[in-house]
Structures are given as structure tokens and as C-alpha cells.
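Numbering (mature numbering (1 follows the signal peptide of the UniProt record, and there is no 0)), first residue to last: -28 to -1, 1 to 167.
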């Protein structure tokens, strides 16, 4: 009984050392990065302005604090995310032109923006991702054309919207239609992967 009691106390300590100790012990657990989480990097003060609410966009409020992130959850073969609705058209609620290409895209085009960590400094620009809706099981392929900025917001460049959460795939109306989702819902649970 005493030896099993000691084992029950030693195992959690051993796991802590393996998962948190850099160096050789980390090699003993190659999936360590999957267990790490993305923590907030700070916050910004809200500033209201002219905000296009075309697709149910949330607008910043003066005096409210908004959380920022420099990272996103680890990418896996089936990364969980929240799909939000965004118009990439000129004059749409997406703000300025797409960061990857410097142009606008019609609502009938299969395009997305990814949260800052997943956007990865533009490394996914013009590459395709496969998105699968949890509620319908339908999948669609879309091109990454923009960053859903998790580091800043509440300014004209970002349509006076708060920073994106760190787990967002911001899809055009065409993406929502291809997935069989109701745009009036404004957000949906999905998984995504690099195509």
C-alpha cells in the first residue's frame, strides 16, 4: 500500500519535469508542444469609431479592455477553431485590403483570414487550408489571404473591431455557404488543416 502511494506521488512529479524541463528530458516526450497553451500577451484599451457591422461585427467600446495574443493553439492535423464571418470585399466589414495580396475579394470567393499565430508572419499566405464544419460535417478548401489580427485592433485599419481571438478562421460568405452553415449564426465550430 505504501509503495503504490509513493508511485502515485512520483508519477505527477516526473511528468512535470519531463514536460517543463528543457533539454534532454524534453526529447523523451516529443509531443510536448501539443500540451502547451497559448496565453494572452497583453491588452489594449478600447476606442470606438466608425465600425461596419455588416456581418454582426463586434465594435470596440471606449474604456473597455481587450485581450491580445501573439500566438495561437498548436496546429495539428485537425486543429479546432471558431469560424467567423467576414467580407473581404472593398467597403466590407473586413477593413482594408488583404495583407497577403494587397487586394480585395468578392463575397463569392473562397478566402479566409487566420488568427495571428496561425497566420505565422504570412507563411500561409496564398496557401490553401481545408475547413470542416462540426455541425454539418462538410468540408471546403479556401485560400489564406489575410491575418485576423490578434495583437491589435480598435482602430480604423481594423474597422474599430477588437483584436481577434487566438483561435479564429475568418471566412468569406462563400466559405460559409460551402460548409452548409447559416451566416446569421455569426460563428461556428470547425476544424482546419493545411491542404
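Don't be surprised by glycine CBs; every beta carbon is placed ideally from N, CA and C.
In terms of Cβ geometry, residue 134 and residue 26 do not form a close pair [threshold 8 Å]. Taking residue 144 as reference, the option from 35, 160 and 124 with the minimal CA-CA separation is 160.
Here residue 160 is bridged, per DSSP, to 55.
Taking C-beta separations shorter than 8 Å and ignoring five residues to either side along the sequence, the partners of residue 89 in its chain run 10, 41, 42, 43, 44, 45, 122 and 138, following chain order. With fewer than 16 neighbouring CB atoms inside 10 Å of its own CB, residue 28 falls in the exposed class. In the DSSP assignment, residue 143 falls outside any alpha helix (DSSP H) and within the unbroken beta strand (DSSP E) covering 140 to 143.
Around the beta carbon of residue 108, a 10 Å sphere encloses fewer than 16 other beta carbons of the protein chains shown; the residue is thus reported as exposed. Membership of residue 88 in the alpha helix (DSSP H) is indicated by the continuous run 88 to 91.
Here residue 154 is exposed, its C-beta having fewer than 16 other C-beta atoms within 10 Å.
Residue 79 sits buried, since 16 or more C-beta atoms from the chains shown fall within 10 Å of its C-beta. DSSP places residue 117 in the strand class (E or B) of the three-state scheme. Shown here, residue 47 sits in coil according to DSSP, grouped into three states, outside any helix or strand. If the five residues before and after residue 54 are omitted, its C-beta is found closer than 8 Å to the C-beta atoms of 137, 139, 140, 141, 159, 160, 161 and 162, all from its own chain and listed in chain order. According to DSSP, residue pairing for residue 166 in a beta bridge involves 101. If you look at residue 29, you'll find it isn't in any beta strand (DSSP E); DSSP assigns it neither H nor E. For residue 71, the closest alpha carbon among the candidates 82, 56 and 93 is that of 93. Across the set 125, 167, 152 and 164, the C-alpha of 125 shows the shortest separation from the C-alpha of residue 15. Residue environment analysis places residue 118 among the buried positions, since at least 16 neighbouring C-beta atoms fall within 10 angstroms of its C-beta.
The criterion of a C-beta distance shorter than 8 Å is satisfied by residue 110 and residue 152. Taking C-beta separations shorter than 7 Å and ignoring five residues to either side along the sequence, the partners of residue 83 in its chain run 60, 77, 114, 115, 117 and 144, following chain order.
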